[in-house]
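Residue numbers (my numbering): 4 to 299. Here the structure is laid out as C-alpha cells; the discussion comes afterwards.
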Amino acid sequence: MGAPDQEPVDGVDVSWEAARAANLANWDDRVPLHVEAYGLDTYVDDPEHLSGVVRTDLPVLERHLSGGTLAGLDVCHLQCHIGTDTVSLARAGARVVGVDFSAPALEAAARLASVLGLDAEWVEGDVLEARVLVDEALGADRDFDVVYTSIGTIGWLDDLGAWARQIAALLRPGGVFYIRDGHPMLGTLDETRDELVGRYRYFSDGRALQWDEAATYVGEGTVSATRTYEWSHPLSEIVTVLLDAGLAIEAMHEGRTLPWRFAERMIELPDGDYAWPGAEADIVPCTFTIVARRPA
Ligand SMILES: C[S@@+](CC[C@H](N)C(=O)[O-])C[C@H]1O[C@@H](n2cnc3c(N)ncnc32)[C@H](O)[C@@H]1O
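Spelled out as C-alpha cells, the structure:
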C-alpha cells in the first residue's frame with residue numbers, strides 16, 4: 004500500500020533534480036499497473052487497433068504533412084510511456100523513436116512493439132535533454148519529420164524553454180511538431196468539487212504543485228512512490244517557448260473532451276473520452292492542441 008493521500012501543496016520550492024527523481028520513482032511504479040489497465044490485448048487481437056489518443060490526433064496532424072500521411076515519415080515521440088501511442092503511430096506507417104525517462108516503461112513499450120511485430124527504437128532519459136540523448140543512442144544524423152507528444156506531458160516539466168529547444172533541434176527543416184494536452188485552465192479546477200471551482204494557480208512562477216497520491220489515472224492499483232511534482236504552464240508560455248525556439252505555429256485548437264477522467268463527475272462518452280456534464284462542457288476547455296513547423 005502507498006502512503007495515505009494528502010492535500011496537494013501549491014507553490015513548493017523544489018530543485019528540478021529532486022522533483023525529477025520523485026516523479027521518476029512514481030512513473031516507474033505506475034508501469035505494471037498501466038500494463039494491466041491500458042488494454043494491451045486489444046492491440047494484439049486487432050492488428051488495426053490504434054490508441055484513442057492517436058485516433059484523435061492523427062487526422063489533425065496529417066493535415067499538416069506534405070503527403071497528407073504519416074506513412075514513411077520519421078517520428079520522435081516524446082514521453083512515450085508504455086508505447087501504446089508509439090505503436091499506434093507505427094501502425095499508421097511511421098518509423099518511430101520513443102523517448103521516456105522510465106526504463107520499465109520503455110521495457111514494456113519494447114515488449115509491446117515486439118509482440119505486435121512492429122519496428123521501433125527507444126531512448127531512455129530526460130525529455131529536456133532529448134536531442135543529445137537521441138544523438139548518443141542512435142547517432143547524430145537522426146532528425147525527424149515529426150516530433151509528437153500527447154496527453155500528460157508538459158505538466159511534468161519545469162523548464163518549457165529547454166523542452167521547446169529540444170523539439171526544434173530534433174526536427175528537420177520543414178518538420179512538424181504536434182502536441183495535445185490537458186488545457187492549463189482545466190488544471191486550475193478543483194477535481195473534488197461538484198461544480199466548476201478554481202483551486203490551483205493558472206500562472207506559473209517556477210514553483211511546483213506537490214501531490215501525494217497512491218492511485219493512478221487508470222485501473223484500481225496503487226503505487227508506493229506517491230510523491231510527485233507538477234508545474235502549471237499558461238497557454239501564453241507554451242506558445243512563447245515554441246516561437247522562441249524558432250518554430251512557426253500553424254494551428255491551435257481547444258477541445259471539450261479528455262481521454263482521462265479528470266473528475267469523478269465527468270461523463271464518459273461513447274468513444275471512451277470524458278466531458279463535463281451538459282452546458283458545463285462549454286465553460287472550460289479540456290485540451291489544447293498546437294501544430295508548429297520548423298521553417299524550411
Ligand atoms: C501520461 S504519460 C504519457 C502519456 C501517453 N499519452 C500515454 O498515456 O501513454 C507521461 C510520461 O511522461 C514520462 N515523463 C515524465 N517526466 C519526464 C521527463 N522529465 N523526461 C522524460 N519522460 C518523462 C513518464 O515516464 C510517463 O511515461
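Using N, Cα and C, we set each Cβ at its ideal position, and we do this for glycine too.
task: Could you spell out the range, first to last residue, of the alpha helix (DSSP H) harbouring Thr243?
output: Note, Thr243: alpha helix (DSSP H), 238-247.
field: C-beta contact flag for Cys83 and Ala108 at 9 Å
entry: Yes, the pair counts as a contact, with Cβ atoms nearer than the cut-off.
message: Measuring alpha carbon to alpha carbon, tell me which residue in Leu61, Val137, Tyr41, Asp32 is nearest Ile182.
response: For Ile182, the closest of Leu61, Val137, Tyr41, Asp32 by C-alpha to C-alpha distance is Leu61.
query: Of the residues Glu51, Asp161, Ile286, which one's Cα is nearest the Cα of Glu240?
result: Selected option, being the one with the closest Cα: Asp161.
- prompt: If you measure from the CB of Ser153, is any heavy atom of ligand 1 nearer than 8 Å?
  reply: Yes; taking the cut-off as 8 Å, the Cβ of Ser153 has a heavy atom of ligand 1 nearer than that.
- prompt: Which term fits Met255, buried or exposed, when burial requires 16 or more other beta carbons within 10 angstroms of its beta carbon?
  reply: So Met255 ends up on the exposed side.
query: What's the C-alpha gap between Ile270 and Trp279?
result: One C-alpha to the other measures close to 6 Å.
- request: Would you mind reading off the limits of the alpha helix (DSSP H) that contains Glu139?
  value: It spans 133-141 - the alpha helix (DSSP H) in which Glu139 sits, taken as one unbroken run.
message: For Met188 and Leu261, what's the separation of their Cα atoms in angstroms?
response: Rounded to whole angstroms, Met188 and Leu261 show a C-alpha spacing of 13 Å.
query: The beta strand (DSSP E) with Thr152 in it runs from where to where?
result: Taken as a continuous stretch (DSSP letters only), the beta strand (DSSP E) holding Thr152 covers 147-153.
- prompt: Looking only at C-alpha atoms, which of Ala284, Val17, Ala116, Leu173 sits nearest to Val47?
  reply: The alpha carbon of Val47 has as its nearest neighbour, out of Ala284, Val17, Ala116, Leu173, the alpha carbon of Ala116.
message: Suppose you measure from the CA of Gly120 to the CA of Gly75; what does that come to, to the nearest Å?
response: Roughly 17 Å between the two C-alpha positions.
message: Counting only C-beta atoms, is Ala112 closer than 9 Å to chain D at any point?
response: Among the protein chains of the structure shown there is no chain D, as only one such chain exists.
query: Of the residues Gly86, Ala93, Arg23, which one's Cα is nearest the Cα of Leu73?
result: The shortest C-alpha separation from Leu73 is found at Ala93.
- prompt: Less than 8 Å between the CB of Ile85 and some heavy atom of ligand 1, yes or no?
  reply: Yes - ligand 1 has a heavy atom lying nearer than 8 Å to the Cβ of Ile85.
query: Should the segment 213-220 be regarded as contacting the segment 125-144, the criterion being three or more beta carbon pairs within less than 8 Å?
result: No: fewer than three Cβ pairs fall under 8 Å.
message: Taking 9 Å as the threshold (C-beta atoms), are Gly164 and Gly248 in contact?
response: Strictly speaking, residue 248 in this sequence is Ala, with Gly absent from that position. Contact flag set, yes.
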